[in-house]
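Report on the following structure.
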Amino acid sequence: MADKLKITLVKSPIGAIPKQRATVEALGLRKMHKTVEMPDNAAVRGMIWHVRHLVKVEEV
């Protein structure tokens with residue numbers, strides 16, 4: 002596993018269910034095409050898995 006993950010919001014969460022919108026917000030993604038770096042751990046991977054259709058992930 003990588004040390005960090007670069008997560009980019011590529012699809013709007015407007016039409017997503019509320020739980021997915023909350024997950025995107027919890028990842029620190031507030032605007033389209035913005036990127037955050039998060040540690041690569043099981044908790045973050047689980048959050049990404051739930052919104053995998055809305056984000057793009059790269060290992061850093």
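First residue of the sequence shown? That's 2 in this note's numbering, and the numbers climb one at a time after it. All C-beta atoms in this analysis are idealised placements derived from N, C-alpha and C, irrespective of residue type, glycine included. None of the values given here were measured: they were computed from a predicted structure.
The DSSP-derived three-state label of Lys35 is coil. When Val45, Ala43, Val56 are compared, the shortest CA-CA separation from Arg31 is found for Val56. Taking the Cα positions, His34 is about 24 Å away from Ala43. Straight across, the Cα-Cα distance linking Thr9 with Asp41 is about 15 Å. Between Val52 and Val11, the gap from beta carbon to beta carbon reaches 8 Å or more.
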